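Asks: Take a look at this one; I'll ask things after.
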Amino acid sequence: MVNPKTSSTLLPQQEVLLQKAEDWFSDQGWKPFPFQKETWRAYMEGKHGLLNAPTGSGKTYALWFPILMECLRVSGYLDEKKKTRPKRGLRAIWITPLRALSQEIFQSAQRIIQDLDLPLSVGIRTGDTSTKERSRQKRQMPELLITTPESLHLLLSSKNYPKTFALCQAVVVDEWHELMGSKRGVQMELALSRLKTLSENLRIWGISATIGNLDLAREVLLGPGSPAFENSVMIRADIQKRIEVKSLLPKTMETFPWRGHLGLHLLDDVIPIIKSSKTTLLFTNTRSQCEIWFQKILERYPEFAGEMAMHHGSINKETRLWVEQAIRNESLKAVVCTSSLDLGVDFAPVETVIQIGGPKGVARFFQRAGRSGHRPGQPSVIYFLPTHALELVEASALHKAIEKKAVEDRMPYLMSYDVLLQYLTTLAVSDGFYPKEIWPEIRSTFCYQGLDEDQWQWLLNFMVLGSQSLRSYDEYRKVEVEEDGRFKVNNKGIAMRHRFQMGTIVGDANLSVHYQSGGYIGSIEEWFVSGLNPGDVFTFAGRNLEFIRLRGMKVQVRNSKKRTSKVPSWMGGRLTLSAQMSQLLREELYSARLSKAEQSPEIQALDPVFEQQRKESIIPSTDHFLMEYFETREGHHHLFYPFEGRFVHEALASLLAYRISLMRPVSFSLAFNDYGFELLSDQPVDLQEIIDNNLLTTDHMLEDLQNSLNSTEMARRKFRDIAVISGLVFTGYPEKGIKMKHLQSSSQLLFDVFKDYEADNLLYTQAYRETFEHQLEEGRLRLALKRIGRQELVIRNCSQATPFSFPIITDRLREKMSSEKLADRIRKMTKKLQGR
Numbered sequence: 003m004v005n006p007k008t009s010s011t012l013l014p015q016q017e018v019l020l021q022k023a024e025d026w027f028s029d030q031g032w033k034p035f036p037f038q039k040e041t042w043r044a045y046m047e048g049k050h051g052l053l054n055a056p057t058g059s060g061k062t063y064a065l066w067f068p069i070l071m072e073c074l075r076v077s078g079y080l081d082e083k084k085k086t087r088p089k090r091g092l093r094a095i096w097i098t099p100l101r102a103l104s105q106e107i108f109q110s111a112q113r114i115i116q117d118l119d120l121p122l123s124v125g126i127r128t129g130d131t132s133t134k135e136r137s138r139q140k141r142q143m144p145e146l147l148i149t150t151p152e153s154l155h156l157l158l159s160s161k162n163y164p165k166t167f168a169l170c171q172a173v174v175v176d177e178w179h180e181l182m183g184s185k186r187g188v189q190m191e192l193a194l195s196r197l198k199t200l201s202e203n204l205r206i207w208g209i210s211a212t213i214g215n216l217d218l219a220r221e222v223l224l225g226p227g228s229p230a231f232e233n234s235v236m237i238r239a240d241i242q243k244r245i246e247v248k249s250l251l252p253k254t255m256e257t258f259p260w261r262g263h264l265g266l267h268l269l270d271d272v273i274p275i276i277k278s279s280k281t282t283l284l285f286t287n288t289r290s291q292c293e294i295w296f297q298k299i300l301e302r303y304p305e306f307a308g309e310m311a312m313h314h315g316s317i318n319k320e321t322r323l324w325v326e327q328a329i330r331n332e333s334l335k336a337v338v339c340t341s342s343l344d345l346g347v348d349f350a351p352v353e354t355v356i357q358i359g360g361p362k363g364v365a366r367f368f369q370r371a372g373r374s375g376h377r378p379g380q381p382s383v384i385y386f387l388p389t390h391a392l393e394l395v396e397a398s399a400l401h402k403a404i405e406k407k408a409v410e411d412r413m414p415y416l417m418s419y420d421v422l423l424q425y426l427t428t429l430a431v432s433d434g435f436y437p438k439e440i441w442p443e444i445r446s447t448f449c450y451q452g453l454d455e456d457q458w459q460w461l462l463n464f465m466v467l468g469s470q471s472l473r474s475y476d477e478y479r480k481v482e483v484e485e486d487g488r489f490k491v492n493n494k495g496i497a498m499r500h501r502f503q504m505g506t507i508v509g510d511a512n513l514s515v516h517y518q519s520g521g522y523i524g525s526i527e528e529w530f531v532s533g534l535n536p537g538d539v540f541t542f543a544g545r546n547l548e549f550i551r552l553r554g555m556k557v558q559v560r561n562s563k564k565r566t567s568k569v570p571s572w573m574g575g576r577l578t579l580s581a582q583m584s585q586l587l588r589e590e591l592y593s594a595r596l597s598k599a600e601q602s603p604e605i606q607a608l609d610p611v612f613e614q615q616r617k618e619s620i621i622p623s624t625d626h627f628l629m630e631y632f633e634t635r636e637g638h639h640h641l642f643y644p645f646e647g648r649f650v651h652e653a654l655a656s657l658l659a660y661r662i663s664l665m666r667p668v669s670f671s672l673a674f675n676d677y678g679f680e681l682l683s684d685q686p687v688d689l690q691e692i693i694d695n696n697l698l699t700t701d702h703m704l705e706d707l708q709n710s711l712n713s714t715e716m717a718r719r720k721f722r723d724i725a726v727i728s729g730l731v732f733t734g735y736p737e738k739g740i741k742m743k744h745l746q747s748s749s750q751l752l753f754d755v756f757k758d759y760e761a762d763n764l765l766y767t768q769a770y771r772e773t774f775e776h777q778l779e780e781g782r783l784r785l786a787l788k789r790i791g792r793q794e795l796v797i798r799n800c801s802q803a804t805p806f807s808f809p810i811i812t813d814r815l816r817e818k819m820s821s822e823k824l825a826d827r828i829r830k831m832t833k834k835l836q837g838r
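First residue of the sequence shown: 3, per the working numbering; consecutive thereafter.
Here's what the structure looks like:
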């Protein structure tokens with residue numbers, strides 16, 4: 003860890019400013035933490051840096067203070083002889099990944115400005131900002147701007163943008179750990195590479211929660227080997243925040259666990275916790291789960307009406323802001339929420355946090371625990387409510403994670419050609435760019451440090467001519483090369499479409515939900531609406547709504563008193579176990595073989611499940627890889643338990659099925675969850691053959707994976723996002739969006755053209771690379787196979803389903819049945835299994 007010098011290298015005037023900051027803290031009845039003072043000093047010394055601090059630790063004040071003070075000093079405002087207002091213009095940019103966070107950051111800056119009577123203004127510019135406010139900012143930028151990566155790029159797409167950023171002294175990228183592992187992080191790398199050139203004295207700072215690779219995070223933010231990186235520091239808040247995890251243990255343990263009831267059997271155990279706390283946050287992992295919990299609590303406990311709210315990203319902005327303010331005012335008893343409240347919405351401490359279901363990652367769990375006892379010095383108490391019995395192993399693993407302070411790495415994207423094409427078009431839409439000037443900036447980023455001249459030339463040709471196979475079509479020729487070599491978009495229609503589509507978040511098409519009278523409720527995805535008929539009732543935003551019609555991109559509804567089990571779900575809502583979490587989970591599972599004294603309370607509580615497992619099979623140890631076989635009316639079940647997370651298991655199941663099929667003609671139905679996977683066939687497979695023929699080897703893994711998975715189809719789906727981000731496909735104007743099936747067919751047509759006529763197309767090859775690296779987690783799969791190779795492969799022929807296999811089997815049935823039929827079928831299966 004690099005630390006700034008503690009010896010003073012500041013000017014006397016800067017020392018005075020630091021004292022002002024300490025005095026302000028004293029006036030609030032606070033005392034600055036050492037990390038805050040360290041950050042103030044490092045910033046004033048001209049350093050760049052990464053501040054590692056948890057939510058609620060005062061990280062916002064750690065950077066706002068020195069930024070504000072230096073703005074005044076550099077502008078000459080502090081000179082008693084001049085004492086004139088600083089020259090108007092943008093001085094500092096604060097980037098936040100979530101629009102919901104901007105209000106809090108705004109209030110922190112505004113509080114200092116008002117208390118110290120500073121001649122500075124602060125503004126917000128996000129997707130929620132009104133047209134009137136945007137126009138006002140265009141005429142006169144505030145000195146301090148809070149914005150998102152997408153809105154920053156929109157500013158870069160405006161005419162004369164260098165003038166906007168000429169006076170800028172600071173960029174703060176908040177929640178950098180959230181951005182770094184996504185293409186939005188790449189967006190930020192590119193924007194910073196431009197701002198470094200435009201603003202001579204720019205200081206770049208990131209704020210990150212604890213992740214496993216903080217040093218890499220700093221390098222990605224500042225650019226590898228860059229002057230900014232060489233002149234940077236890492237400051238750790240080092241605030242010892244105690245986290246207490248309290249697991250809610252079922253009174254009777256189900257011996258055959260399944261995922262279907264979302265933990266609602268423990269609903270009555272949650273109510274006393276809510277009643278005994280001022281405010282409780284109930285975190286769910288998906289928006290649909292959030293809707294269901296909100297509805298079920300109110301159904302069973304109607305007295306909570308008016309005291310309970312819901313918060314997730316698809317609810318309208320006004321409702322979200324109202325909920326956040328109500329949490330601050332402590333006027334709500336409970337809020338059921340998703341990751342929309344994970345990040346630093348800086349409200350006063352919430353007394354209690356409940357996590358419903360395994361969070362699948364240590365960092366996510368820490369973030370949510372941090373919402374409780376949100377002020378420094380208070381412990382964070384978080385209740386863990388398992389949605390099925392085996393999730394108690396995750397609870398036990400989280401205890402260990404807290405003891406070991408184990409947190410996941412965040413892996414940055416590399417060579418994202420789609421984001422680069424979008425960025426270059428942004429520059430071409432504004433004032434245009436000269437490739438020779440921009441090329442070194444691009445190469446200075448972490449993402450594109452490996453970009454070579456040939457790839458760069460290909461990208462430039464793509465912008466001007468379309469790719470090799472699309473040269474005959476004018477619509478793909480977006481950029482013109484002017485006489486002096488400048489790349490410029492001169493077509494107003496192309497420029498307008500580009501601005502509408504900027505961003506790297508590509509989801510299913512969102513439709514806005516409105517009452518017939520016009521009131522806006524929120525947004526749901528097109529695929530869900532496509533399954534509704536007029537008169538159907540569904541639950542959304544805590545209300546039962548009757549579907550009237552779809553008009554354009556608007557879903558028209560009215561309130562309904564009918565009961566319903568239909569709840570919108572959102573694509574991509576299923577989380578998978580992180581690598582860190584998988585390892586901890588395996589270690590805890592293996593502890594079931596130890597004596598009771600060496601087991602956690604959660605593992606002890608699972609004793610009935612483990613007892614049932616031992617009747618038919620075993621609890622694997624560190625040295626064992628378990629495989630099970632049994633036969634039912636459905637067919638022959640072959641089960642495998644790597645405990646590596648659903649994405650790895652999806653790939654592993656396909657790989658193994660393919661390798662078996664090379665030995666004999668057999669077809670499989672695949673099912674998988676976070677704990678293992680199933681190959682179901684109409685004929686038995688001798689599991690010993692898998693061992694004898696070394697089918698779980700890493701040899702030829704990539705080749706076999708490509709053959710096994712229909713990787714072409716997966717890459718085709720991935721290509722849809724790449725096509726949208728790169729601008730190959732237009733998603734439509736606001737309120738007149740293109741239907742997802744049309745978008746999909748457009749991108750598929752392009753994919754097939756490249757596949758047949760231009761296999762070296764960089765966007766086409768990127769689709770395959772991202773499929774393997776990010777979706778199938780090829781690196782993790784290889785490590786898992788190597789670990790399995792070191793273990794003893796244990797085969798158990800069982801007479802019936804085991805507790806380990808039961809959740810996997812029921813997950814497969816879920817795809818074919820309604821929730822009511824599934825619950826009924828599972829009750830019968832459980833009764834039969836327990837009756838043997």
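Backbone N, C-alpha and C fix where the C-beta goes; we use that ideal spot for every residue, glycine too.
Since this is a predicted model, take the numbers as computed values, not measurements.
On the criterion of 16 or more Cβ atoms from any shown chain inside 10 Å, does R718 qualify as buried, or is it exposed?
Replies: Working through the sequence shown from its first residue, we reach residue 718 at position 716. Classification of R718: buried, given that the 10 Å Cβ count is 16 or more.
Asks: Taking buried to mean at least 16 other C-beta atoms within 10 Å of its own C-beta, is Q357 buried or exposed?
Replies: Residue numbering aside, residue 357 sits at position 355 when the sequence shown is read from its first letter. Classification for Q357: buried.
Asks: Please confirm if the stretch 381-398 is in contact with the stretch 148-166, defined as three or more CB-CB distances below 8 angstroms between the two stretches.
Replies: Contact between the stretch 381-398 and the stretch 148-166 is absent, because fewer than three Cβ pairs lie under 8 angstroms.
Asks: Mind checking N799: buried by the 16 CB within 10 Å criterion, or exposed?
Replies: Translated into positions along the sequence shown, residue 799 becomes position 797. Result: exposed.
Asks: For E636 and F670, I'd like the C-alpha separation in whole angstroms.
Replies: Taking the sequence shown and counting its residues from 1, one reaches residue 636 at position 634. Taking the sequence shown and counting its residues from 1, one reaches residue 670 at position 668. Looking at the two C-alpha atoms, the distance is approximately 12 angstroms.
Asks: Enumerated in chain order, which unbroken segments of the alpha helix (DSSP H) with a length of 4 residues or greater are wholly contained in the stretch 371-423?
Replies: The stretch 371-423 contains these whole alpha helix (DSSP H) runs: 393-406.
Asks: Can you grab the Cα-Cα spacing for the pair R648 / S132, in whole Å?
Replies: The residue given as residue 648 occupies position 646 in the sequence shown. The residue given as residue 132 occupies position 130 in the sequence shown. The straight-line gap from Cα to Cα measures roughly 42 angstroms.
Asks: Is the stretch 442-462 close to the stretch 177-193, with three or more CB pairs under 8 angstroms?
Replies: With the cut-off at 8 angstroms, the stretch 442-462 and the stretch 177-193 touch.
Asks: Compare the beta carbon distance of S28 and I245 with 9 angstroms and say whether it is the shorter of the two.
Replies: Stepping through the sequence shown from its first residue, residue 28 is reached at position 26. Stepping through the sequence shown from its first residue, residue 245 is reached at position 243. No. Outside cutoff.
Asks: Identify, in the order they occur along the chain, each residue of the same chain with its Cβ nearer than 7 angstroms to the Cβ of S432, setting aside the five sequence neighbours on each side.
Replies: Residue numbering aside, residue 432 sits at position 430 when the sequence shown is read from its first letter. So the qualifying residues of the chain are L158, S159, S160, K161, Y163.
Asks: For A653 and K720, which I take to be in contact (beta-carbon distance under 8 angstroms), what is that distance rounded to the nearest angstrom?
Replies: Within the sequence shown, numbered from 1, the residue matching residue 653 stands at position 651. Within the sequence shown, numbered from 1, the residue matching residue 720 stands at position 718. About 14 angstroms; that fails the 8 angstroms criterion.
Asks: Would L126 pass as a contact of L154 if the rule is Cβ separation under 9 angstroms?
Replies: Counting from 1 along the sequence shown, the entry for residue 126 is found at position 124. Counting from 1 along the sequence shown, the entry for residue 154 is found at position 152. The residue asked about is misnamed: residue 126 is Ile in this sequence, not Leu. Not closer than 9 angstroms, so no.
Asks: Within a Cβ cutoff of 7 angstroms, which residues of the same chain sit near Q424, ignoring the five residues on either side of it in sequence?
Replies: Within the sequence shown, residue 424 is the residue found at index 422, counting from 1. Around Q424: M504, I727, S728, G729.
Asks: Could you check what DSSP says for C73 in three-state terms: helix, strand or coil?
Replies: On the sequence shown, position 71 is the one that residue 73 refers to. Note: C73 maps to helix in three-state DSSP.
Asks: What would DSSP say about R666, mapped onto helix, strand or coil?
Replies: The residue given as residue 666 occupies position 664 in the sequence shown. Looking at R666 - three-state DSSP - the assignment turns out to be coil, as it is neither helix nor strand.
Asks: With DSSP as the reference, identify every bridge partner of M182, one or two as the case may be.
Replies: As a position in the sequence shown, residue 182 is number 180, starting the count at 1. Paired residues: none, contrary to the question.
Asks: Taking the C-alpha atoms as reference points, what is the distance between D684 and R666?
Replies: Locating residue 684 in the sequence shown gives position 682, where the first residue counts as 1. Locating residue 666 in the sequence shown gives position 664, where the first residue counts as 1. Each residue's alpha carbon lies about 13 angstroms from the other.
Asks: CA-CA distance, L19 and I115?
Replies: The residue you call residue 19 lines up with position 17 of the sequence shown. The residue you call residue 115 lines up with position 113 of the sequence shown. Their backbone Cα atoms lie some 14 angstroms apart in a straight line.
Asks: Is it buried or exposed for R2, if we count other Cβ within 10 angstroms and need 16 for buried?
Replies: Outside the modelled stretch of the chain, which goes from 3 to 838, sits residue 2, for which no answer is possible.
Asks: Looking only at its chain, what residues have a beta carbon closer than 7 angstroms to the beta carbon of A2, apart from the 5 residues adjacent to it on each side?
Replies: Not covered by the structure: residue 2. The range shown for the chain is 3 to 838.
Asks: In the DSSP assignment, what are the bridge partners of G51?
Replies: Numbered from its first residue, the sequence shown carries residue 51 at position 49. Looking at the DSSP assignment, G51 forms a beta bridge with W207, V235.
Asks: Counting only C-beta atoms, is K563 closer than 9 angstroms to chain C at any point?
Replies: Among the chains in the structure shown there is no chain C, since it carries only a single protein chain.
Asks: Does DSSP classify T11 as helix, strand or coil?
Replies: Here residue 11 refers to the residue found at position 9 of the sequence shown. Three-state DSSP puts T11 in coil, outside helix and strand.
Asks: Let me know the secondary structure DSSP gives M143 once reduced to three states.
Replies: By 1-based counting over the sequence shown, the position of residue 143 is 141. Three-state result, M143: coil.
Asks: For a quick check, are the C-beta atoms of V338 and A311 less than 9 angstroms apart?
Replies: In the sequence shown, counting from the first residue as 1, residue 338 sits at position 336. In the sequence shown, counting from the first residue as 1, residue 311 sits at position 309. Contact flag set, yes.
Asks: Given a cut-off of 9 angstroms, decide if L698 and L795 are closer than it, judged by their beta-carbon atoms.
Replies: What you label residue 795 is simply residue 793 of the sequence shown in a count that begins at 1. What you label residue 698 is simply residue 696 of the sequence shown in a count that begins at 1. Their beta carbons are under 9 angstroms apart, which means L795 touches L698 by this criterion.
Asks: Alpha carbons only, please: which of L534, E443, K556, S623 is nearest the one belonging to L200?
Replies: If you number the sequence shown from 1, residue 200 lands on position 198. Ranking L534, E443, K556, S623 by Cα distance to L200 puts E443 first.
Asks: Measure the alpha-carbon distance for I662 versus N696 and round it to whole angstroms.
Replies: Looking up residue 662 in the sequence shown gives position 660. Looking up residue 696 in the sequence shown gives position 694. Computed Cα separation, rounded: 11 angstroms.
Asks: Take S593 and list the residues in its own chain whose beta-carbon comes closer than 8 angstroms to its own, dropping the five residues that flank it on each side.
Replies: Translated into positions along the sequence shown, residue 593 becomes position 591. If we look at S593 and ignore the five residues flanking it on each side, its Cβ neighbours are S398, E600, Q601, S602, I605.
Asks: Expressed to the nearest angstrom, what Euclidean distance is found between the alpha-carbon atoms of F435 and M46?
Replies: Here the question's residue 435 lines up with position 433 in the sequence shown. Here the question's residue 46 lines up with position 44 in the sequence shown. Taking the straight line joining both Cα atoms gives about 33 angstroms.
Asks: On the CB-based measure, 16 or more other CB atoms within 10 Å of its CB, does R859 come out buried or exposed?
Replies: Within the shown structure, residues of the chain are numbered from 3 to 838, placing residue 859 beyond reach of any answer.
Asks: Please name the residue in E630, V325, D270 whose C-alpha comes closest to that of K335.
Replies: As a working mapping, residue 335 is identified with position 333 in the sequence shown. If we check each option's Cα against that of K335, V325 comes out closest.
Asks: When the Cα of P414 is compared with those of E772, F806, K49, which residue comes out closest?
Replies: As a working mapping, residue 414 is identified with position 412 in the sequence shown. The shortest C-alpha separation from P414 is found at E772.
Asks: Pull up the distance between the alpha-carbon of F37 and that of R238, whole angstroms please.
Replies: Numbered from 1 along the sequence shown, position 35 holds the residue referred to as residue 37. Numbered from 1 along the sequence shown, position 236 holds the residue referred to as residue 238. F37 and R238: Cα-Cα distance of roughly 7 angstroms.
Asks: My understanding is that F67 touches W42, with C-beta atoms under 8 angstroms, so please give their C-beta distance in whole angstroms.
Replies: Residue 67 sits at position 65 when you count from the first residue of the sequence shown. Residue 42 sits at position 40 when you count from the first residue of the sequence shown. 6 angstroms between Cβ atoms; contact.
Asks: Which value, in whole angstroms, describes the spacing of the CA atoms of H640 and Q615?
Replies: Residue 640 sits at position 638 when you count from the first residue of the sequence shown. Residue 615 sits at position 613 when you count from the first residue of the sequence shown. The alpha-carbon atoms of H640 and Q615 are separated by roughly 16 angstroms.
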